[in-house]
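Number of protein chains: 2
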Amino acid sequence: MLGRSARAAIETGIGDDAAVLRLSGRVVWTVDAAVEGVHFDRRFMTLDDVGFRSFQAAVSDLAAMGARPVAALSALALPERFSDRDLERLLRGQAEAARALGCPIVGGNFTRASELSIHTTALGSARSPLTRSGARVGDELWLLGDVGLAAAGLAALTAGRTRGAALARCVAAFRRPSARLEDGAALVGRARAALDVSDGLAGDAGHLARASGVRAVISAEQLTRALRPELVRAAASLDRAPLELALYGGEDYALLAVGPAARRPPRAAAIGWIERGRGVVLEVGGRRRALGGGYDHFAR
Amino acid sequence: MLGRSARAAIETGIGDDAAVLRLSGRVVWTVDAAVEGVHFDRRFMTLDDVGFRSFQAAVSDLAAMGARPVAALSALALPERFSDRDLERLLRGQAEAARALGCPIVGGNFTRASELSIHTTALGSARSPLTRSGARVGDELWLLGDVGLAAAGLAALTAGRTRGAALARCVAAFRRPSARLEDGAALVGRARAALDVSDGLAGDAGHLARASGVRAVISAEQLTRALRPELVRAAASLDRAPLELALYGGEDYALLAVGPAARRPPRAAAIGWIERGRGVVLEVGGRRRALGGGYDHFAR
Numbered sequence: 001m002l003g004r005s006a007r008a009a010i011e012t013g014i015g016d017d018a019a020v021l022r023l024s025g026r027v028v029w030t031v032d033a034a035v036e037g038v039h040f041d042r043r044f045m046t047l048d049d050v051g052f053r054s055f056q057a058a059v060s061d062l063a064a065m066g067a068r069p070v071a072a073l074s075a076l077a078l079p080e081r082f083s084d085r086d087l088e089r090l091l092r093g094q095a096e097a098a099r100a101l102g103c104p105i106v107g108g109n110f111t112r113a114s115e116l117s118i119h120t121t122a123l124g125s126a127r128s129p130l131t132r133s134g135a136r137v138g139d140e141l142w143l144l145g146d147v148g149l150a151a152a153g154l155a156a157l158t159a160g161r162t163r164g165a166a167l168a169r170c171v172a173a174f175r176r177p178s179a180r181l182e183d184g185a186a187l188v189g190r191a192r193a194a195l196d197v198s199d200g201l202a203g204d205a206g207h208l209a210r211a212s213g214v215r216a217v218i219s220a221e222q223l224t225r226a227l228r229p230e231l232v233r234a235a236a237s238l239d240r241a242p243l244e245l246a247l248y249g250g251e252d253y254a255l256l257a258v259g260p261a262a263r264r265p266p267r268a269a270a271i272g273w274i275e276r277g278r279g280v281v282l283e284v285g286g287r288r289r290a291l292g293g294g295y296d297h298f299a300r
Numbered sequence: 301m302l303g304r305s306a307r308a309a310i311e312t313g314i315g316d317d318a319a320v321l322r323l324s325g326r327v328v329w330t331v332d333a334a335v336e337g338v339h340f341d342r343r344f345m346t347l348d349d350v351g352f353r354s355f356q357a358a359v360s361d362l363a364a365m366g367a368r369p370v371a372a373l374s375a376l377a378l379p380e381r382f383s384d385r386d387l388e389r390l391l392r393g394q395a396e397a398a399r400a401l402g403c404p405i406v407g408g409n410f411t412r413a414s415e416l417s418i419h420t421t422a423l424g425s426a427r428s429p430l431t432r433s434g435a436r437v438g439d440e441l442w443l444l445g446d447v448g449l450a451a452a453g454l455a456a457l458t459a460g461r462t463r464g465a466a467l468a469r470c471v472a473a474f475r476r477p478s479a480r481l482e483d484g485a486a487l488v489g490r491a492r493a494a495l496d497v498s499d500g501l502a503g504d505a506g507h508l509a510r511a512s513g514v515r516a517v518i519s520a521e522q523l524t525r526a527l528r529p530e531l532v533r534a535a536a537s538l539d540r541a542p543l544e545l546a547l548y549g550g551e552d553y554a555l556l557a558v559g560p561a562a563r564r565p566p567r568a569a570a571i572g573w574i575e576r577g578r579g580v581v582l583e584v585g586g587r588r589r590a591l592g593g594g595y596d597h598f599a600r
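Going down the list, the sequences are from chains S and F.
Heads up, the first sequence is in this note's numbering, so the first residue is 1 and it goes up one at a time.
Heads up, the second sequence is in this note's numbering, so the first residue is 301 and it goes up one at a time.
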């Protein structure tokens, strides 16, 4: 049970100028885009997947704030060649995700456009929202959920090599990610800052470090221990380094958080720590490699 | 003063995974799209206008519900050729509208896309939101604000004939519409149903009639009296009928409402009434003409 919400009730749903909700307390609000050719490629996923994934991606921002979903609006821009059957598939994927996340779609918008895109805006409630700032020197860096699988899945689809359990697991992670609402809720009262990994672990650790005015150190050894065996096997069959997929692959929608070691949630893996300074570094066997984020040279 | 809001405060703005607001009471929530080539044409308006107009259009849905704006998120999809200077102009127009409406932009999203589009999602607070249903037989049909000017403005721009005060007024109405927040607030406690005129008076009267299970009768005589003199002059110089522009031209963002005659707000013009039946009819000199909405033949 997530159970840390403000009270919320839906009074008017789809069909009027606007949805009507009754809310009380702190509200967290996000909007997220999924554009064909930028965020998805229909050669690699069905329209059900597109609807499901875009909805999960939007709600993932609520998870990263430690919020519980209240409701969402879906704005669809549909090209002329988009059939009613196509629309049904897209809506079915969204509805499936909305059900799984307990986040009903209460309205939205339709428009013609030359390319397919989905904008999802979601409201959540959170007594104590987790922001990106607040990390302190000495905090641990925590990972909740998997990284690298979605990137491996996309690489496998692009290469046309998706046979075997490990690659199939990666393809599923790419097509059907899950917003980590329970993990986000478990961070409240424990973490000092959090965000979801949508751009890749290295880049998102950089966002957190910048917002908090600190340096994030990722331990290659700790991160490697946290990787799924399927990622290691998939990387081998794709001739890629698992650590590279984990650091630079986005769209798994894992959560990255920081907090004191004593408060680490049971399901979080410690993958590094916070230091004075700025940017993100990877520590490999006592040596350090900059991962961008304003720290772009080898340090010792 | 609008003064009928629930309490609302913005705690975290742009830059985190989501915006954080503190809300208490009834909340009204909408999302609206402006897509290049569908909703606007850059030959006829600047990017400042595009930003201003798309923001006003989104907030107009709050006005139609009798709500007071709390905040907005702006999601921009930008083509590759879109320059930083272009972006500045677009944001400047949005910011101007946000200031004018008292509706701060507290976050949003950027993405690449092949075409320019803006999705604006807005939250408002309203003790008693006005929906589209609730019209009763015997109610008056009220118009607040102008209709037809924006359509005349677009027609003038398309024809390349914008000289003269009347056409200039119409072009301004097209490029710089205003969400009628004060009129919407004045409807609360008076109107039984309301919506904003974005598709055209005939079509939107049809939406209201359908949602309420009634027939809307528009009196050509009353509507003609409510038209702006500039529309009549502009229509003459464009060789169009003013009533046609008023009935079928959208995007003025006037408000259409229904309620008992005794409760008509001072600034509302009565342009018709509600009957048993369905659809929308125009009454011209005792004869009736169907305006669509499920009532598609001449009636007496």
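Even glycine gets a Cβ: it sits at the ideal position worked out from N, Cα and C.
Residues bridged to residue i [DSSP beta-bridge criterion]
i	result
Thr30 of chain S	S:Ala122
Ile10 of chain S	S:Leu21
Phe82 of chain S	Partner(s): none; Phe82 of chain S has no beta bridge.
Gly579 of chain F	F:Arg515
Pro429 of chain F	In the DSSP output, where bridge partners are listed per residue, Pro429 of chain F has none listed.
Ser114 of chain S	Its beta-bridge partners do not exist; DSSP assigns none.
Phe355 of chain F	Its beta-bridge partners do not exist; DSSP assigns none.
Leu376 of chain F	F:Phe410 and F:Ile418
Ile574 of chain F	F:Ala516
Under the three-state DSSP convention, the category residue i falls into
i	result
Glu88 of chain S	helix
Ser360 of chain F	helix
Val284 of chain S	strand
Leu467 of chain F	helix
Phe40 of chain S	strand
Glu551 of chain F	coil
Arg480 of chain F	coil
Leu201 of chain S	helix
Asp349 of chain F	helix
Pro566 of chain F	coil
Ala303 of chain S	A question about residue 303 of chain S goes unanswered here, because the residues of chain S that appear run from 1 up to 300.
Ala98 of chain S	helix
Ala155 of chain S	helix
Ala371 of chain F	strand
Gly489 of chain F	coil
Gly445 of chain F	coil
Gly206 of chain S	helix
Ala302 of chain S	No statement about residue 302 of chain S is possible, as the shown extent of chain S runs from 1 to 300 and does not include it.
Chain S contact for residue i (CB, 8 Å cutoff)
i	result
Arg432 of chain F	yes
Met365 of chain F	yes
Leu556 of chain F	no
Asp539 of chain F	no
Ala333 of chain F	yes
Gly609 of chain F	With chain F covering 301 to 600 only, the question about residue 609 of chain F has no answer from this structure.
Asp341 of chain F	no
Backbone CA spacing between residue i and residue j [nearest angstrom]
i	j	result
Gly593 of chain F	Glu575 of chain F	Its pLDDT being 44, under 50, Gly593 of chain F is placed unreliably by the model, and nothing is read from it.
Phe410 of chain F	Leu378 of chain F	7 Å
Ala155 of chain S	Leu238 of chain S	8 Å
Ala333 of chain F	Ser417 of chain F	7 Å
Arg427 of chain F	Arg578 of chain F	30 Å
Pro565 of chain F	Tyr553 of chain F	18 Å
Gly249 of chain S	Asp496 of chain F	45 Å
Leu231 of chain S	Arg210 of chain S	29 Å
Glu440 of chain F	Ser519 of chain F	11 Å
Arg389 of chain F	Val31 of chain S	22 Å
Pro429 of chain F	Glu244 of chain S	52 Å
Ala568 of chain F	Val370 of chain F	25 Å
Glu290 of chain S	Leu181 of chain S	The residue asked about is misnamed: residue 290 of chain S is Ala in this sequence, not Glu. The alpha-carbon atoms of Ala290 of chain S and Leu181 of chain S are separated by roughly 31 Å.
Val584 of chain F	Gly572 of chain F	11 Å
Whole-Å CB distance - residue i paired with residue j, under 8 Å assumed
i	j	result
Trp442 of chain F	Leu73 of chain S	The pair is not a contact, with the Cβ atoms about 28 Å apart (cut-off 8 Å).
Gly489 of chain F	Val471 of chain F	No, Gly489 of chain F and Val471 of chain F are not in contact; Cβ-Cβ is about 36 Å, not under 8 Å.
Val27 of chain S	Leu321 of chain F	5 Å
Phe52 of chain S	Glu96 of chain S	6 Å
Leu401 of chain F	Val359 of chain F	5 Å
Ala570 of chain F	Gln522 of chain F	6 Å
Any chain F beta carbon closer than 8 Å to residue i
i	result
Glu251 of chain S	no
Ala75 of chain S	yes
Ala113 of chain S	yes
Ala168 of chain S	no
Ala18 of chain S	yes
Arg127 of chain S	no
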